[in-house]
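Written out below as structure tokens is the structure these notes cover.
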Amino acid sequence: MKIIFAGTPEVALPSLRALLEGPHEVVHVVTRPDAPLGRKRVLTPSPVAALAEEAGVPTTRAARLGGETGETLAQIEADLGVVVAYGGLIREPLLSSPRHGWINLHFSRLPAWRGAAPVQHALINGDTEIGTDIFKLVAELDAGEIISIEVH
Numbered sequence: 001m002k003i004i005f006a007g008t009p010e011v012a013l014p015s016l017r018a019l020l021e022g023p024h025e026v027v028h029v030v031t032r033p034d035a036p037l038g039r040k041r042v043l044t045p046s047p048v049a050a051l052a053e054e055a056g057v058p059t060t061r062a063a064r065l066g067g068e069t070g071e072t073l074a075q076i077e078a079d080l081g082v083v084v085a086y087g088g089l090i091r092e093p094l095l096s097s098p099r100h101g102w103i104n105l106h107f108s109r110l111p112a113w114r115g116a117a118p119v120q121h122a123l124i125n126g127d128t129e130i131g132t133d134i135f136k137l138v139a140e141l142d143a144g145e146i147i148s149i150e151v152h
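Position 133 of the sequence shown, counted from 1, bears residue number 133 in UniProt numbering, the numbering being contiguous throughout.
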């Protein structure tokens, strides 16, 4: 299966590594643009960009996935898109371009704590149970059909 992966921070690395080491082919990686890091504000690639480039996987750095960037990425032949903490919305035409659509690994039990920082929101609000959900991506934020639940 040909996979396009979208992710940015270190928390996305185990998923990307598993895909790279598994039986499927990661054909492209999408991540956020390089960002200033440290006191000297050195422009630094995201952890996902660094791993993808080390593995020789073509990589696109984009803050937004609409417009021309989305159209270009939609031309990549992929069977499935996988998102883990990308930090932006997957929009059309990219949303419907992989043959089997996109799935997202979300670090909270949906529908609670949609959006960014779900673990932090759960802790701040005193949740006694947290979890991870994998769901089918749709245009609305964190609202697709849940296909896997793991409670912690």
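Each residue gets a CB set at the ideal place from its N, CA and C atoms; glycine is no exception. Because the structure is a prediction, the values reported are computed rather than measured.
On the premise that residue j lies in contact with residue i, defined as a C-beta separation below 8 Å, what is that separation, rounded to the nearest angstrom?
{"i": "D79", "j": "P98", "result": "6 Å"}
{"i": "V30", "j": "T72", "result": "11 Å between Cβ atoms; not a contact."}
{"i": "V26", "j": "L37", "result": "Actually they are not in contact, since the Cβ atoms of V26 and L37 sit about 25 Å apart, beyond 8 Å."}
{"i": "A62", "j": "P33", "result": "7 Å"}
Do residue i and residue j have their C-beta atoms within less than 8 Å of each other?
{"i": "H28", "j": "I76", "result": "yes"}
{"i": "L81", "j": "I4", "result": "Correcting the residue identity first, residue 81 is Gly in this sequence and not Leu. Yes. Within cutoff."}
{"i": "V48", "j": "L137", "result": "no"}
Spatial neighbours of residue i within its chain, please: CB distance less than 7 Å, with the 5 preceding and 5 following residues excluded, ordered by chain position.
{"i": "H152", "result": "I130, G131"}
{"i": "A85", "result": "G7, T8, P9, V11, A12"}
{"i": "P118", "result": "H106, F107, S108"}
{"i": "H121", "result": "W113"}
{"i": "I53", "result": "With the sequence shown as reference, residue 53 is identified as Glu, and Ile is not the correct amino acid for it. Correct list, in chain order: T59."}
{"i": "E150", "result": "G131, T132"}
Can you list, in chain order, the residues of its chain whose CB lies under 8 Å from that of residue i, leaving out five sequence neighbours each side?
{"i": "V42", "result": "P36"}
Given residue i, which residues of its chain have a CB within under 6 Å of its CB, disregarding the five upstream and five downstream residues?
{"i": "S46", "result": "T8, T31, R32"}
{"i": "G22", "result": "none"}
{"i": "S148", "result": "I134"}
{"i": "A74", "result": "P93, L94, S97"}
Within 7 Å: the Cβ of residue i and any heavy atom of the ligand NAP?
{"i": "G101", "result": "Only the bare structure without any ligand can be found here, which leaves the ligand NAP out of the picture."}
I'd like to know if the region 61 to 70 and the region 88 to 104 are in contact, where contact means that at least 3 CB-CB pairs between them fall below 8 Å. Yes: the two stretches touch, three or more of their Cβ pairs being nearer than 8 Å.
Counting Cβ pairs closer than 8 Å, one from the region 96 to 105 and one from the region 136 to 144, do we hit at least three? Touching, per the Cβ criterion.
Every unbroken beta strand (DSSP E) inside the UniProt domain "Formyl transferase N-terminal" (1 to 148) [3 residues or more]: If we require 3 residues or more, the beta strand (DSSP E) runs fully inside the UniProt domain "Formyl transferase N-terminal" (1 to 148) come out as 2 to 7, 25 to 31, 35 to 37, 42 to 44, 59 to 61, 80 to 84, 102 to 106, 131 to 136.
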